[in-house]
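Numbering of the sequence shown is given in the working numbering, commencing with residue 53 and proceeding in unit increments.
Even for Gly, the Cβ is constructed at its ideal location relative to N, Cα and C.
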Amino acid sequence: MGVVAKRKRRVSSSPPPSSSGVHSRTPPLALVVDDSSETRELHVQCLSLAGWRVASAADGSEGLGLARDLVPDLLLLEMDLPVLDGWQVARSLKADARTEVIAVIAMTSRPDQAFRVGATLMGCAGAVAKDCSPEELLARAREAIADR
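Here's what the structure looks like:
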């Protein structure tokens, strides 16, 4: 079911598209970066079950490296990370012409109004609570990449 991406992080993929579909498209690629293994795996599973290809990282430095290597459609990014925080990761990606196109959704345990405003000013496509429902996560993910 999964393949190995650089830096030995698992990338889940959905089954290959049907060969009968002339207009088959590759499923979108998401990168989930969160230091909580439980939260990270829940989000990976949610996106994978919805047909996304998914990679994951446990800290900001690893996440930044994978984002630069993979240039995913979506980055689900915890903002309070060890090594390199999510704000620094987002700032670095938005400053690079090759990665500025990545749709970033900022995650935190309590996304208050100040957090949402900060995420918007940083160039993030949205903000969600780490414990949001699968339905909300998928809705925000689809919205974030809709204009890509």
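(1) What three-state label does DSSP hand S161 in the structure shown?
(2) I need the DSSP call for A193, collapsed to helix, strand or coil.
(3) Are D86 and L136 closer than 9 Å when you measure CB to CB?
(4) Spatial neighbours of V84 within its chain, please: C-beta separation below 6 Å, excluding the five flanking residues on both sides.
(5) Within the continuous alpha helix (DSSP H) that includes G115, where are the two ends?
(6) Among E90, S89, G103 and S88, which has the Cα closest to the Cα of T78?
(7) Terminal residues of the continuous alpha helix (DSSP H) containing V96?
(8) Between C98 and P163, how many whole angstroms is the CB-CB distance? I'm expecting something under 8 Å.
(9) Rounded to the nearest angstrom, how far is the Cβ of G170 from that of V141, given a contact under 8 Å?
(10) Pick out whichever of A155, S144 and L122 has its Cα sitting closest to the Cα of I197.
(11) Count the other C-beta atoms from every protein chain shown that fall within 10 angstroms of the C-beta of A110, then say buried if there are 16 or more, exposed otherwise.
(12) Given a threshold of 16 other Cβ atoms within 10 Å of its Cβ, counted over all protein chains shown, does L126 qualify as buried or as exposed?
(13) Going by DSSP, what residue range makes up the alpha helix (DSSP H) through A147?
(14) Here's the rule: buried if 16 or more other CB atoms are within 10 angstroms of the residue's CB, otherwise exposed. What is V153?
Reading from the atomic positions:
(1) Here the question's residue 161 lines up with position 109 in the sequence shown. S161 falls in the coil class under three-state DSSP.
(2) Numbered from its first residue, the sequence shown carries residue 193 at position 141. Residue state, collapsed to three classes: helix.
(3) On the sequence shown, position 34 is the one that residue 86 refers to. On the sequence shown, position 84 is the one that residue 136 refers to. No, the Cβ-Cβ distance between D86 and L136 is not below 9 Å.
(4) Counting from one through the sequence shown, the residue named residue 84 turns up at place 32. Counting only Cβ-Cβ distances below 6 Å, and skipping sequence neighbours, we find R92, H95, V96, S108 and L128.
(5) The residue you call residue 115 lines up with position 63 of the sequence shown. From DSSP, the alpha helix (DSSP H) with G115 extends over G112 to L122.
(6) Along the sequence shown, one-based indexing puts residue 78 at 26. Nearest option by C-alpha distance: G103.
(7) The sequence position of residue 96 within the sequence shown is 44, counting from 1. Segment S89 to L101, the alpha helix (DSSP H) holding V96.
(8) Locating residue 98 in the sequence shown gives position 46, counting from the first residue. Locating residue 163 in the sequence shown gives position 111, counting from the first residue. Wrong, their Cβ atoms sit about 18 Å apart, outside the cutoff.
(9) Here residue 170 corresponds to residue number 118 of the sequence shown, with the count starting at 1. Here residue 141 corresponds to residue number 89 of the sequence shown, with the count starting at 1. The pair is not a contact, with the Cβ atoms about 14 Å apart (cut-off 8 Å).
(10) The sequence position of residue 197 within the sequence shown is 145, counting from 1. With distances taken between Cα atoms, I197 lies closest to A155.
(11) For the purposes of this step, residue 110 is taken as residue 58 along the sequence shown, with counting starting at 1. Label assigned to A110: buried.
(12) Taking the sequence shown and counting its residues from 1, the one referred to as residue 126 is at position 74. Buried, since its Cβ has 16 or more Cβ neighbours within 10 Å.
(13) Here residue 147 is taken as the residue at index 95 of the sequence shown, counted from 1. Counting along the chain, A147 falls outside any alpha helix (DSSP H), and DSSP gives it neither H nor E.
(14) Residue mapping note: residue 153 aligns to position 101 of the sequence shown, counting from 1. Classification for V153: exposed.
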